[in-house]
Amino acid sequence: MNIHTILVAGRMHKELQEIINQKQLSQTFRFMEEQDVTIEDLDWADALLSFGPTNCFEDHSFKWIHSLGAGVDRFLESGNWKKSVMLTRTVCSFGQRISEYCLSYMLAELQHHAQFQHQQKQNQWKVVEPKQLSTQTVIIYGTGEIGGRLAAVLKSFGVRVIGVSKSGNEKPSFDQVVSISKEKELLKEADWIISTMPLTHETKSYFDPKWMNVVENTYFINVGRGATVDENALVEAIEQKRIRKAYIDVFEHEPLTKESSWWDHSNIIITPHISAVTTPEEAVECFVETLQKVEQGELPSNLVSIERGY
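Per the UniProt record's numbering, residue 1 is the first one in the sequence shown, and the count goes up by one each step.
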């Protein structure tokens, strides 16, 4: 595939421009905010580099679109996807970043950080034995690159890790992998349930009231996509103590509105979609590697299956 003109749109376009200009690539680039894109820009460009659809996106005629994030649901939900368009996504340190995010909260709970901080304020000396990671069972929804890296990190601490995927195929670093919708009998064994799932038609509201009624006394972390969780069902499960505490980094509507009751919920920990940030340097590195493969006619490893949605 021959790529001559590339449109770079979004909040990082200035940082990306500075780094891309240093690469001395042969292509011609335009850099701008998503909302400033015109139909003329879309007609001009062979390829798009952005986090999501731009202004006038429905009229595009790109050959290739590269997502600056790991998720591509915004692109695929924007309208009828043209099968002739190649879609790729950014793959970089997301798995490691998400692993450290999850591990930080797991350790905080197992080491009783909040309790000891409270006791310090009360001048109270009370021994509470910390739990070891090796005593924990974690179920990870999503066994791809991110879920696989998370499993490997947890396994290095002796954690029992069960994966849930569409296929149920065995994957390295997981003690066991089961197919989605067949994991229910294992949920009661989980100390932690972590979702790294992408958003597709099959995963939308997957964590619904029926699912919530199966879990027992578990922690829940969502670093996948917000719309995979029925938010009302999650709150009800917390109130019923089926879920002990929820750590939520992604939401169906972002940013979370100031009126949301979640801000004041003592057992919901909110972070502003920071578990796997895209740095300009890593974004350009992945983009350039993908561009080279695209121009050489190779199928890049970060190619998105339109049918699967990831």
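Just so you know, even glycine gets a beta-carbon here, dropped at the ideal spot from N, CA and C.
This one's a predicted model, so the numbers in the text were calculated from it and none came from an experiment.
Report yes or no: do three or more beta-carbon pairs, one from the stretch 277 to 284 and one from the stretch 247 to 265, lie closer than 8 Å? no
By how many angstroms is the C-alpha of serine 173 removed from the C-alpha of leucine 154? 9 Å
For asparagine 213 versus arginine 244, is the C-beta spacing smaller than 7 Å? At the C-beta level, asparagine 213 and arginine 244 stay beyond 7 Å of one another.
Can you have a look at phenylalanine 157 and say buried or exposed, based on whether 16 or more other CB atoms are within 10 angstroms of its CB? exposed
Mind checking which residues open and close the alpha helix (DSSP H) that includes asparagine 222? Element bounds for asparagine 222: not the alpha helix (DSSP H) but the beta strand (DSSP E), 218 to 222.
Which runs of the alpha helix (DSSP H) fall wholly inside the stretch 213 to 259 and span at least 4 residues, in chain order? 231 to 239
Can you check the stretch 44 to 97 for any beta strand (DSSP E) of at least 3 residues that lies completely inside it and give the ranges in chain order? 47 to 50, 64 to 67 and 86 to 89
Unbroken alpha helix (DSSP H) run spanning glycine 158, endpoints: Segment: none, glycine 158 is in no alpha helix (DSSP H) and carries neither H nor E.
Just list the residues that DSSP pairs phenylalanine 207 with in beta bridges. Val229
Write down the C-beta distance between isoleucine 162 and isoleucine 139 rounded to the nearest angstrom, noting that I regard them as a contact closer than 8 Å. 5 Å
Determine the direct distance from the alpha carbon of serine 104 to that of histidine 118, and round the result to whole angstroms. 19 Å
Report the residue from Ile39, Asp43, Lys188 and Ile194 whose alpha carbon sits nearest the alpha carbon of serine 99. Ile194
So, helix, strand or coil for serine 104, using DSSP? Helix, per DSSP.
Got a sec? Which residues, its chain only, sit under 8 Å from threonine 38 by beta carbon, not counting five neighbours each side? Asn55 and Cys56
Under 8 Å, with one C-beta from each stretch per pair, do the stretch 28 to 46 and the stretch 283 to 303 reach the 3-pair mark? No contact exists between the stretch 28 to 46 and the stretch 283 to 303.
Using only the alpha-carbon positions, how far apart do histidine 265 and methionine 86 sit? Taking the straight line from one Cα to the other gives about 42 Å.
Please classify threonine 38: does DSSP put it in a helix, a strand, or coil? If DSSP states are grouped into helix, strand and coil, threonine 38 belongs with coil.
Since arginine 30 sits in a beta bridge, which residues does DSSP pair it with? Looking at the DSSP assignment, arginine 30 forms a beta bridge with Leu7.
C-alpha gap between proline 209 and asparagine 2, whole angstroms: Distance between the alpha carbons of proline 209 and asparagine 2 is about 49 Å.
Isoleucine 269 (DSSP reduced to helix, strand or coil): strand
Helix, strand or coil for isoleucine 306 per DSSP? coil
Nearest-angstrom Cα separation, counted from valine 178 out to asparagine 222: 19 Å
Which of helix, strand or coil does DSSP assign to isoleucine 180? coil
Under 7 Å Cβ to Cβ from tryptophan 262, same chain only, skipping five residues before and after it: list those, please. Leu256, Ile268 and Ile270
Can you have a look at valine 215 and say buried or exposed, based on whether 16 or more other CB atoms are within 10 angstroms of its CB? buried
Looking at the structure shown, is valine 153 part of a helix, part of a strand, or coil, going by DSSP? helix
Where do the N-terminal and C-terminal ends of the alpha helix (DSSP H) with valine 127 fall, by residue? That residue, valine 127, is in no alpha helix (DSSP H); it is neither H nor E in DSSP.
How should proline 300 be labelled, buried or exposed, when 16 other C-beta atoms within 10 angstroms of its C-beta is the threshold for buried? buried
Leaving aside the five residues before and after lysine 204 along the sequence, list all residues of the same chain whose C-beta is less than 7 Å from its C-beta, in chain order. Ala227 and Thr228
Do alanine 70 and arginine 97 have their C-beta atoms closer together than 7 Å? no
Please classify glycine 79 as buried or exposed, where buried requires at least 16 other C-beta atoms within 10 Å of its C-beta. exposed
Identified DSSP bridge partners for valine 138: Val161 and Trp192
At which residues does the alpha helix (DSSP H) containing alanine 276 begin and terminate? Taken as a continuous stretch (DSSP letters only), alanine 276 belongs to no alpha helix (DSSP H), as it is neither H nor E.
For threonine 290, which of helix, strand or coil comes out of DSSP? Reduced to three states, the DSSP call for threonine 290 is helix.
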